[in-house]
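Be aware that the sequence shown starts at 11, since it is given in this note's numbering, and climbs by one per residue.
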Amino acid sequence: MIKACIFDLDGVIVDTAKYHFQAWRRLANELGFDFSEADNEQLKGVSRMESLEIILKWGGVALSEEQKIEWADRKNEWYKALISNMTPDEILPGVPEFLAQLQSNGIRIALGSASKNALPVIESIGLGPVFEVVIDGTQTTLSKPDPQVFRLGAQRLGLKPYECIVFEDAESGIEAALNGRFYAVGIGRPEVLGKAHLVIPGFVGLQWEEVVKAMGV
Ligand code: BG6
Ligand code: MG
11 MIKACIFDLD GVIVDTAKYH FQAWRRLANE LGFDFSEADN EQLKGVSRME
61 SLEIILKWGG VALSEEQKIE WADRKNEWYK ALISNMTPDE ILPGVPEFLA
111 QLQSNGIRIA LGSASKNALP VIESIGLGPV FEVVIDGTQT TLSKPDPQVF
161 RLGAQRLGLK PYECIVFEDA ESGIEAALNG RFYAVGIGRP EVLGKAHLVI
211 PGFVGLQWEE VVKAMGV
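This is the structure in structure tokens:
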């Protein structure tokens with residue numbers, strides 16, 4: 011019996027994935043190389059410092075620990091500038107309606123994000139009060155595909171993984187959910203998220219009953 015849904019934030023609730031991509035790409039460009047949107051899939055759900063390591067490897071750039079921190083801070087400042095004017099208009103289509111369905115079905119709602127910027131983002135789009143539990147990058151030590159972020163969410167809800175569905179746009183996020191024995195719904199393309207119990211392009215028109223049925227419970 012499903013009792014809660016745990017949502018990733020970037021690329022699921024709000025389209026901030028594109029801002030992370032823009033800011034990382036600017037960093038790469040300033041270091042003298044580039045990477046594609048397809049490469050960017052590997053960065054989704056991955057923590058700030060781990061993303062930097064991956065990007066530096068792509069560019070064949072070696073930096074000292076101090077320089078890495080400086081570049082990661084720079085990227086975060088660019089990212090924060092991009093999200094500074096966010097409004098509820100940037101909530102992804104169909105999300106408010108789906109959250110309302112959960113509320114009317116008595117399904118509890120939590121957030122499980124790798125981002126250290128998750129709180130200001132959910133506040134600026136007006137969804138702060140919707141999330142009963144928020145686990146973000148300030149509370150985790152292990153990155154997706156480790157299930158820590160979702161396990162902490164379930165623990166805080168007082169639920170078992172098999173009572174929760176995780177909604178994720180990242181391949182690493184789906185793996186994290188499955189590694190933790192959660193049900194998983196992928197938001198995006200089946201080529202990337204095919205391991206999930208259900209893959210949908212987005213929340214528009216999505217019915218809660220449909221989701222439960224697809225989980226086979
Ligand atoms: C995840 C994003 O939600 O958060 C990643 O998918 C990002 O792209 C990660 O790197 C960490 O975010 P932040 O805001 O702490 O740099
Ligand atoms: Mg995401």
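Using N, Cα and C, we set each Cβ at its ideal position, and we do this for glycine too.
Complete runs of the beta strand (DSSP E) confined to the stretch 156 to 192 [at least 3 residues]
174 to 178
Between G136 and the ligand MG, is there a pair consisting of the residue's CB and a ligand heavy atom that are separated by less than 6 Å?
no
Buried or exposed for K154, please, with buried defined as at least 16 other CB atoms from any protein chain shown within 10 angstroms of its CB.
buried
Report whether the distance from the Cβ of A194 to the nearest heavy atom of the ligand MG is below 6 Å.
no
The ligand BG6: which residues have Cβ under 7 Å from any of its heavy atoms, chain order?
D18, L19, D20, G21, A27, H30, L53, K54, G55, V56, S57, R58, S61, N86, Y89, S123, A124, S125, K126, N127, G147 and A180
Taking 7 Å as the cut-off, decide whether the C-beta atoms of V8 and L41 are in contact.
Since the first and last residues shown for the chain are 11 and 227, residue 8 lies out of range.
For P171, which residues from the same chain have a beta carbon less than 6 Å from its beta carbon, with the 5 sequence-adjacent residues on both sides left out?
A164, G190, R191 and F192
Using the three-state DSSP reduction, which class does I12 fall into: helix, strand or coil?
coil
Grab the span of the beta strand (DSSP E) containing G69 for me, first residue to last.
Note, G69: premise wrong, no beta strand (DSSP E); alpha helix (DSSP H) at R58 to G69.
Per the contact definition of three or more C-beta pairs closer than 8 Å, is the stretch 27 to 37 in contact with the stretch 143 to 159?
no
Touch test, the stretch 42 to 55 against the stretch 137 to 152, Cβ-Cβ under 8 Å, three pairs minimum
no
What number of angstroms, rounded off, separates the C-alpha of I101 from the C-alpha of L208?
21 Å
Spatial neighbours of F141 within its chain, please: CB distance less than 7 Å, with the 5 preceding and 5 following residues excluded, ordered by chain position.
I119, A120, L121 and I132
For I145, which of helix, strand or coil comes out of DSSP?
strand
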